[in-house]
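In what follows, a single structure is set out as structure tokens and then discussed.
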Amino acid sequence: MTTVNDSGDVQVKDKNTAPLEANSNSRGDNMSQLPTTSTNDETATTKSQEPTLEQAFFFGLSIDDAVNSADNLMELFYNACKFNHLEIVRRCVEEKNINVNELFNNDYPLCIASHKGHIEIVRYLLAHGADVHLKRELNLSNTRGTNRLTRGTVTYGDSTLSLAVKYGFEDLAMVLVEHGADILNSNGDFEKSALQDAIRLNRSRILNVFMDKLKNTKATSDYDETLLLQKKGDILRQCLINDQIEALRIFVPNVWEELNSDFMFTVLSNLMLKNKIQSDKAFDVLEAILDAIPTPKLKMYDIGDLLRRFLHILQAQFVTINDDRIQMLYLRTSLLFTILKYHETVDFTNYLDLLDAYFRGIYHSVESTGEGINQIYEYIVRFYENLILMGHLILTNNTVILKLLECEHVQQMQPIDMYLSWRARNPFQLKETCRLMVKNALPSYKHDVLKKLNLNEDTFYYLYYQR
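Structure follows, in structure tokens:
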């Protein structure tokens, strides 16, 4: 109950509690007169005084006060969704017939509930007509700032599904997908979609769900393909940009049947843009992709086409070569040998014209400056050494060595001629012979296959990590 004191102030007084003695002392004096112990009866009274639903306050408003104003009711409903008060949400919907899709402060109740991860609120709203395709509105200042950065027209904010994915609520995201939430943007774009966010933020569980749905959804194009195949280029690029190995392990097995030299070239061209610090991660990314592709499929695409385009890009990237860049040249070339490691033996005598043009090109890039020529000689020697050790060039075959010695770059570069002639006369070391025998005997040379051999650590590293 309420009482009015001598000064006219309104005070709240419980009808089951004796009033405090009035005096002119400070609040501290009044507080000192409160009992310091509680009896069982007082505890029970306190529990009975806990606020009921009708006494609940949001920003100073009770439900009874809020219903007197449509704005206040919407504010109450929105904040109930925000702060996970399911009972208040239920009362607003079922008793006050509030519009669950009404905009409030550039936001929607379903959006804020998804943002905060309140899965029961989301389920309730969806069951009572909430539009799963809603997107947050953008205020004008945010829109102008975004347009300046993207130079595009951005007319909406995050969707409910994007919000759940961004903030890591994967179970909630699955609920939204079950209710038909769009994995891509409404116009089918990949950019700023829930799918892009799932890859970028490594949300593996929901990404599995996305892949299944995309794989079973027909594309909107005229071609007879799934939405997953239509968007595979966008998905691959996003995985490579963020070095998302787990996402690649989920994605590649779903599309490997459509992989070809174009796919592998896209992988290589993206990885070749990595700087020196990122290079080690680039190898992990590439090996994750190769491990996910069945061995028979690896043998099917045109390695010659891939080699031609790879060497062309490599030569274009190294028009000038100095001490700092030679290491990057080695690292990027190693990407090619990582792919070759997963292949059965490739007869490189079929591609000597490609090698000849490439080696002459990088040699001429340093010949004019007079610097780094010896480094290029060493690079070419190591390139050939790897091909020989991997079994792609058999120099004990007279036809092979004769073809090599006839190449223009070999005739032009005496150190290369001397090396190849020497290598043809000197057999492999025992460990080199054994490694080649192991490689040729295994069904594939993948990481998991070698692990099953139960080799000691040094032997495993020698067999697998030779780059």
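Numbering (my numbering), first residue to last: 54 to 520. Cβ coordinates follow ideal geometry from the N, Cα and C atoms, glycine included.
Item, Value
"Is the region 477-492 in contact with the region 380-390, if contact means three or more CB pairs nearer than 8 Å?", "no"
"Is Y432 closer than 8 Å to S446 when the C-beta atoms are compared?", "One point to set straight first is that residue 446 is Leu, not Ser, in the sequence displayed. No, they are not a contact pair."
"Got a sec? Which residues, its chain only, sit under 6 Å from F157 by beta carbon, not counting five neighbours each side?", "M127 and Y131"
"Please list the segments of the alpha helix (DSSP H) lying wholly inside the region 239-297, counting only runs of 4 or more residues, in order along the chain.", "247-253, 257-268, 280-283 and 285-294"
"Measuring alpha carbon to alpha carbon, tell me which of A183, I252 and D160 ends up nearest D211.", "D160"
"In angstroms with no decimal places, state the Cα-to-Cα distance between E155 and D344.", "49 Å"
"Using 10 angstroms around the beta-carbon of T105, count the other beta-carbons present and answer buried if the total reaches 16, otherwise exposed.", "Because the pLDDT of T105 is 44, which lies under 50, any placement of that residue in the model is unreliable, and the question is left without a value."
"Spell out whether any CB of chain D is found under 8 Å from the CB atom of N158.", "Checking the listed chains, one finds no chain D in this structure; it contains a single protein chain."
"According to the neighbour-count rule (16 or more other Cβ atoms, all chains shown, within 10 Å of its Cβ), is N152 buried or exposed?", "exposed"
"Rounded to the nearest angstrom, what separates L289 and V320 at their Cα positions?", "8 Å"
"With C-beta atoms as the reference, is A217 less than 8 Å away from S257?", "no"
"With DSSP collapsed to three states, give me the class of K149.", "coil"
"Answer with buried or exposed for M443, where buried requires no fewer than 16 other C-beta atoms within 10 angstroms of its C-beta.", "buried"
"Exposed or buried, which one is T55 when buried takes at least 16 other CB atoms within 10 Å?", "Note on T55: pLDDT 37, under 50, position unreliable in the model; the coordinate value appears next. Classification for T55: exposed."
"Is it the case that the region 296-304 contacts the region 341-359, given that we only count it when at least three CB pairs across the two stretches are under 8 Å?", "yes"
"Quick one: what's got a C-beta closer than 6 Å to V146's C-beta in the same chain, skipping five residues either side?", "H181"
"So is K334 buried or exposed if we call it buried at 16+ other beta carbons inside 10 Å?", "exposed"
"So, are the CB atoms of V228 and I172 less than 8 Å apart?", "yes"
"Between K219 and K169, how many whole angstroms is the CB-CB distance? I'm expecting something under 8 Å.", "No, K219 and K169 are not in contact; Cβ-Cβ is about 12 Å, not under 8 Å."
"S212 bridges to which residues according to DSSP?", "K188"
"K456 and L405: beta carbons closer than 8 Å?", "yes"
"Got a sec? Which residues, its chain only, sit under 6 Å from L254 by beta carbon, not counting five neighbours each side?", "none"
"Tell me the rounded alpha-carbon separation between F336 and L324.", "8 Å"
"Note down, in chain order, each residue of its chain lying with its Cβ closer than 6 Å to the Cβ of F110, except the 5 sequence neighbours on either side.", "Low confidence applies to F110: its pLDDT is 48, below 50, so where it sits in the model is not reliable, and the reading given next is rough at best. The answer is none, since no qualifying residue turns up."
"Ordered along the chain, which non-local residues of its own chain (more than five positions away) have a Cβ less than 7 Å from that of N313?", "Y354"
"When the Cα atoms are used, what is the spatial distance from E362 to F318?", "In the sequence as displayed, the identity of residue 362 is Arg instead of Glu. R362 and F318: Cα-Cα distance of roughly 7 Å."
"Quick one: what's D160 bridged to in DSSP?", "F157"
"Between the alpha carbons of I294 and R435, how many angstroms are there, rounded?", "30 Å"
"Note down the Cα distance separating D296 from N125, rounded to an integer number of angstroms.", "47 Å"
"If you reduce the DSSP assignment to three classes, tell me which class M466 lands in.", "coil"
"Give the range of the alpha helix (DSSP H) segment to which Q524 is assigned.", "Since the first residue shown for the chain is 54 and the last is 520, residue 524 is missing from the structure and cannot be characterised."
"Which first and last residues belong to the alpha helix (DSSP H) in which H417 is found?", "L405 to E420"
"Would H186 and A234 be called neighbours here (beta carbons separated by less than 8 Å)?", "yes"
"Give me the Cβ distance between L282 and E311, rounded to the nearest whole Å; I'm assuming they're in contact under 8 Å.", "6 Å"
"Per DSSP, what kind of secondary structure is S85 in: helix, strand or coil?", "Low per-residue confidence applies at S85: pLDDT is 36, beneath 50, and the placement is therefore not dependable enough to give any value."
"To the nearest angstrom, how far is the alpha carbon of T270 from that of I236?", "11 Å"
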